[in-house]
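Asks: Residue numbering for the sequence shown follows this note's numbering, beginning at 462 and increasing consecutively.
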Amino acid sequence: MYKFLPEGRLINTKDNTSRLRTPDTIREAYKNETILEGRVILCDASHNLHVDMGCMTGIIPREEGAIGISDGTTRDIALISKVNKPVCFIITDFGFDESGEIYAILSRKKVQEKCMDNYISLLLPGDIIDACVCHMEPFGVFADIGAGINALLPIDSISVSRIPHPNVRFHPNQSIKVAVKNRDDSGRIVLTHKELLGTWEENANKFSVGETVPGIVRSTEKYGIFIELTPNLAGLAEFSENVTAGQSTSVYIKSIIPERMKIKLIIVDCFDAVYPPAKINYFIEENHISYWKYSPDSSSKVIETLF
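1. Taking leucine 567 and glutamate 525 to be in contact with their CB atoms under 8 Å, please state how far apart those CB atoms are, rounded to whole angstroms.
2. Starting from tyrosine 752 and walking both ways along the beta strand (DSSP E), at which residues does that stretch end?
3. Verify whether the separation of the beta carbon atoms of isoleucine 589 and alanine 640 is less than 9 Å.
4. Quick one: which unbroken beta strand (DSSP E) runs of 3-plus residues sit fully inside the region 642-717? Chain order, please.
5. How many angstroms separate the CA atom of cysteine 593 from the CA atom of alanine 734?
6. Kindly indicate the opening and closing residues of the alpha helix (DSSP H) around tyrosine 491.
7. Helix, strand or coil for isoleucine 616 per DSSP?
8. What does a CB cutoff of less than 6 Å around alanine 608 pick up in its chain, not counting 5 residues either side in sequence?
9. Can you tell me the Cβ-Cβ gap for lysine 642 and threonine 653, rounded? I've got them flagged as a contact below 8 Å.
10. Can you tell me the Cα-Cα spacing of isoleucine 538 and cysteine 595, whole angstroms?
11. Expressed to the nearest angstrom, what Euclidean distance is found between the alpha-carbon atoms of phenylalanine 631 and threonine 673?
12. Would serine 701 and phenylalanine 732 qualify as a contact pair, given that the criterion is a beta-carbon distance under 9 Å?
13. Please name the residue in Pro692, Asn493, Thr535 whose C-alpha comes closest to that of tryptophan 661.
14. Relative to the C-alpha of lysine 543, which residue among Ala565, Arg569, Trp753 is closest?
15. Using three-state DSSP, classify cysteine 576 as helix, strand or coil.
16. Give me the Cα-Cα distance between lysine 723 and lysine 667, rounded to the nearest whole angstrom.
17. Taking Cβ to Cβ, would you say leucine 726 is nearer than 9 Å to isoleucine 750?
18. Is valine 712 close to chain C? Criterion is C-beta to C-beta, closer than 9 Å.
19. Check for me: the beta strand (DSSP E) holding lysine 725 runs from which residue to which?
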């Protein structure tokens, strides 16, 4: 199975730049239907995309800009939003402008169709793939999983620790790993991420009783305050006034109880601070996962995912 990458992964590679170096190398890419990438420098009034190809300009006609544009299932904002960003394409022809300058006629849609037929349609639940964060909403992340084709990563599948918005985990254009969760009723892929971030034990093993460590307040309840230590691990501290969700903390680890999946904490300090999302630590290096069990074997409560 040919692996199509999210847009932007090819643009600065040696192969891509060498194929855009001269008109001769561009014609060779045209003959071979080579997939290339360039930066969109203009979306004109007719919503054609103009692409910087180094030694010449390329134009992606509106209907060739993305799957669904011609039948209205994809809105034109999907084209407008590509300005100043990399797009993938193949060269389908050449033309001449009013001043006699040659330009390339491109199709992004054809690359997306190839991606759908030869990659995305073949993906199975549990397949671990590359993705790129494109857009975030309160309910989840739209991530490019190949050739500018987006899939949804729901917010409750981002991590075990609950978060108020995906932007506390990710930033736009961030490269991430995801697993295929399933397909929705329309056949579109739904993603998951939390299974790649480690089990309770794998995360708890990073900590020891008696340590004081950083954390983030995720929720306050009458019975206690939930503090995130890692994206897949939270502990509970006693309730305290004037503590609000989103604050940074330093916490003392009082006890770690695997059979109850509990970490008891004592808040040392709590304060307002804005830090960038931490680097993601993935625990799975394989390309596929069939089963994931978050809870320890000693715990009576079982939390698992069967793909």
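Ideal Cβ placement from N, Cα and C applies to all residues, glycine included.
Replies: Well, looking at it:
1. The residue you call residue 567 lines up with position 106 of the sequence shown. The residue you call residue 525 lines up with position 64 of the sequence shown. About 7 Å; that satisfies the 8 Å criterion.
2. Mapped onto the sequence shown, residue 752 falls at position 291. From DSSP, the beta strand (DSSP E) with tyrosine 752 extends over 752-754.
3. Within the sequence shown, residue 589 is the residue found at index 128, counting from 1. Within the sequence shown, residue 640 is the residue found at index 179, counting from 1. Yes.
4. Correct list: 650-653, 673-682, 685-691, 694-698.
5. Position 132 of the sequence shown holds residue 593. Position 273 of the sequence shown holds residue 734. C-alpha of cysteine 593 to C-alpha of alanine 734: approximately 27 Å in a straight line.
6. The sequence position of residue 491 within the sequence shown is 30, counting from 1. Residues 484-493.
7. For this step, residue 616 is matched to residue 155 along the sequence shown. Of the three classes helix, strand and coil, the one that applies to isoleucine 616 here is helix, per DSSP.
8. Taking the sequence shown and counting its residues from 1, one reaches residue 608 at position 147. Only residues of its own chain outside the window of five on either side were considered, and among them Phe465, Cys549, Val572, Gln573, Cys576 have a CB closer than 6 Å to the CB of alanine 608, listed in chain order.
9. Along the sequence shown, read from residue 1 onward, the residue named residue 642 stands at position 181. Along the sequence shown, read from residue 1 onward, the residue named residue 653 stands at position 192. About 4 Å separates the two Cβ atoms, so the contact holds.
10. Taking the sequence shown and counting its residues from 1, one reaches residue 538 at position 77. Taking the sequence shown and counting its residues from 1, one reaches residue 595 at position 134. Their backbone Cα atoms lie some 14 Å apart in a straight line.
11. Here residue 631 refers to the residue found at position 170 when the sequence shown is read from its first residue. Here residue 673 refers to the residue found at position 212 when the sequence shown is read from its first residue. Approximately 26 Å between the Cα atoms of the pair.
12. Along the sequence shown, read from residue 1 onward, the residue named residue 701 stands at position 240. Along the sequence shown, read from residue 1 onward, the residue named residue 732 stands at position 271. For the pair serine 701 and phenylalanine 732, the CB atoms are not nearer than the 9 Å cut-off.
13. For the purposes of this step, residue 661 is identified with residue 200 of the sequence shown, where counting begins at 1. With distances taken between CA atoms, tryptophan 661 lies nearest to Pro692 out of Pro692, Asn493, Thr535.
14. What you label residue 543 is simply residue 82 of the sequence shown in a count that begins at 1. For the residues Ala565, Arg569, Trp753, the minimum Cα distance to lysine 543 belongs to Arg569.
15. As a first step, residue 576 must be located in the sequence shown, where it is residue number 115. Helix.
16. On the sequence shown, residue 723 is found 262 positions in, with the first residue counted as 1. On the sequence shown, residue 667 is found 206 positions in, with the first residue counted as 1. Whole-angstrom Cα-Cα distance: 14 Å.
17. By one-based count along the sequence shown, residue 726 stands at place 265. By one-based count along the sequence shown, residue 750 stands at place 289. Contact flag unset, no.
18. Among the protein chains of the structure shown there is no chain C, as only one such chain exists.
19. Translated into the one-based positions of the sequence shown, residue 725 becomes position 264. Its beta strand (DSSP E) spans residues 723-732.
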